[in-house]
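Enquirer:
In my numbering, the protein residues as written are 1339 to 1624.
1) Helix, strand or coil for residue 1349, going by three-state DSSP, please let me know.
2) What do you get for residue 1536, buried or exposed, if any count of 16 or more other CB atoms within 10 angstroms of its CB means buried?
3) Would you mind working out which of 1459, 1504, 1578, 1359 sits nearest residue 1539, comparing C-alpha positions?
4) Am I right that residue 1596 and residue 1493 are in contact with their C-beta atoms under 8 Å? What's the rounded C-beta distance?
5) Quick test of your reading: residue 1387 and residue 1431, contact by CB under 8 Å. State the CB separation rounded to the nearest angstrom.
6) Would you identify the three-state DSSP class for residue 1343, choosing helix, strand or coil?
7) Helix, strand or coil for residue 1620, going by three-state DSSP, please let me know.
8) Tell me the DSSP secondary structure of residue 1608 in three-state form.
9) Can you find the residues in the same chain that come closer than 6 Å, C-beta to C-beta, to residue 1489, ignoring five residues on each side of it along the sequence?
10) Check for me: the alpha helix (DSSP H) holding residue 1451 runs from which residue to which?
11) What's the gap between the Cα of residue 1482 and the Cα of residue 1589?
12) Answer with buried or exposed for residue 1628, where buried requires no fewer than 16 other C-beta atoms within 10 angstroms of its C-beta.
13) Quick one: grab the DSSP three-state call for residue 1395.
14) Excluding five sequence neighbours on each side, which residues of the same chain lie with their C-beta closer than 8 Å to the C-beta of residue 1516?
15) Helix, strand or coil for residue 1585 per DSSP?
16) Cα separation between residue 1445 and residue 1439?
17) Which residues in the same chain have their Cβ closer than 7 Å to the Cβ of residue 1592, if we skip the five residues on either side of it in sequence?
18) Determine the closest residue to residue 1413 out of 1391, 1429, 1423, with distance taken between C-alpha atoms.
19) I need the DSSP call for residue 1494, collapsed to helix, strand or coil.
20) Residue 1348 to residue 1376, Cα distance in whole Å?
21) Since residue 1377 is in the alpha helix (DSSP H), which residue starts that stretch and which ends it?
22) Quick check: residue 1527 and residue 1362, are their CB atoms within less than 7 Å of each other?
23) For the alpha helix (DSSP H) holding residue 1445, just list the boundary residues, first then last.
24) Drop a sphere of 10 angstroms on the beta-carbon of residue 1546, count the other beta-carbons inside from all chains shown, and report buried for 16 or more, exposed for fewer.
25) Where does residue 1360 sit, in a helix, a strand or coil, going by DSSP?
26) Tell me whether residue 1508 sits in a helix, a strand or coil according to DSSP, three-state version.
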């Protein structure tokens, strides 16, 4: 019999992190299939733009050229931002709608229904991702702590939009109400998980770091003469792009954790899962 994970219940910090990886372990095959069907093309586009931007941003000969045009680097940067917003919108849409169907159908997820839900939410999720980035950016512009403060509730807005079928504006306002009086524990959970993701990302970025250091030592004479381009060859670009690709993939784990955090807070505030359980017991008795 298939082991099911109950999302709609209260959890401690450790349980949220443990169940995040447990869910990934149990459902990685259908989840990977879902991501392959929905997010593969946006992912490849993002990696392609990332590789191009890395290549031109390390081309110092281009910057020293009298014919250099700022648009040559600004336009790819804008393209990179758009690709990131689109990718994260479809990544979170796929994973959160996967969980939504998982809960609704007791562990069974119809891939065609999932694809339809992802397309339905894609515009709102992409726009929401853009608004979250803007709000967090201005929060950090004011000061470090306001940026952190708004980042915690805003991280839940994807889940609210998908699980409650809310609009973008209502998802943002509801996120602050949901986190009210639970900010510190929510922050601690996200911090611990973010730290784990950072360690994993750092491990995968080590090859690029080691190569850069080694290349710098072997090209010291050329660098001393002002030729910085000798450090950034196609191997450097490839390793950095692979490192970025891993980080984009690992972001999916955070999306799963966001679902657990959302249901934990929702259960504390609204006890939705408890009422549903009572109703199901009552209907079974009838």
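Where a beta carbon is used, it is the ideal one built from N, C-alpha and C, also for glycine.
Model, not experiment: these values are computed from the prediction.
Expert: In terms of the structure at hand:
1) DSSP places residue 1349 in coil when its eight states are reduced to three.
2) Exposed, by the Cβ-count rule.
3) The shortest C-alpha separation from residue 1539 is found at 1578.
4) The C-beta distance from residue 1596 to residue 1493 rounds to 6 Å, short enough to fall under 8 Å.
5) So it is not a contact: roughly 20 Å between Cβ atoms.
6) Correct three-state label for residue 1343: coil.
7) Annotation note: pLDDT 49 at residue 1620 (below 50); position unreliable, coordinate value reported separately. Of the three classes helix, strand and coil, the one that applies to residue 1620 here is helix, per DSSP.
8) In the structure shown, residue 1608 sits in a helix (DSSP, three-state: H, G or I).
9) Within the same chain, residue 1489 has close Cβ partners 1474.
10) That run of the alpha helix (DSSP H) goes 1449-1480.
11) So the two alpha carbons sit approximately 23 Å from each other.
12) With the chain represented from 1339 up to 1624, any question about residue 1628 goes unanswered, as that position is not in the structure.
13) Three-state DSSP puts residue 1395 in a helix.
14) Counting only residues of its own chain and dropping the five nearest sequence neighbours on each side, residue 1516 has a CB closer than 8 Å to the CB of 1491, 1494, 1498, 1600, 1603, 1604, 1607.
15) Residue state, collapsed to three classes: helix.
16) So the two alpha carbons sit approximately 8 Å from each other.
17) Scanning its chain for C-beta atoms nearer than 7 Å, with the 5 sequence neighbours on each side dropped, one finds around residue 1592 the residues 1531, 1535, in chain order.
18) 1391 is the residue among 1391, 1429, 1423 whose C-alpha sits nearest the C-alpha of residue 1413.
19) Coil.
20) So the two alpha carbons sit approximately 31 Å from each other.
21) Careful: residue 1377 lies outside any alpha helix (DSSP H) and carries neither H nor E.
22) 7 Å or more divides the Cβ of residue 1527 from the Cβ of residue 1362.
23) Element bounds for residue 1445: n/a, residue is neither H nor E.
24) Classification of residue 1546: buried, given that the 10 Å Cβ count is 16 or more.
25) Residue 1360: helix per DSSP, three-state reduction.
26) Helix at residue 1508.
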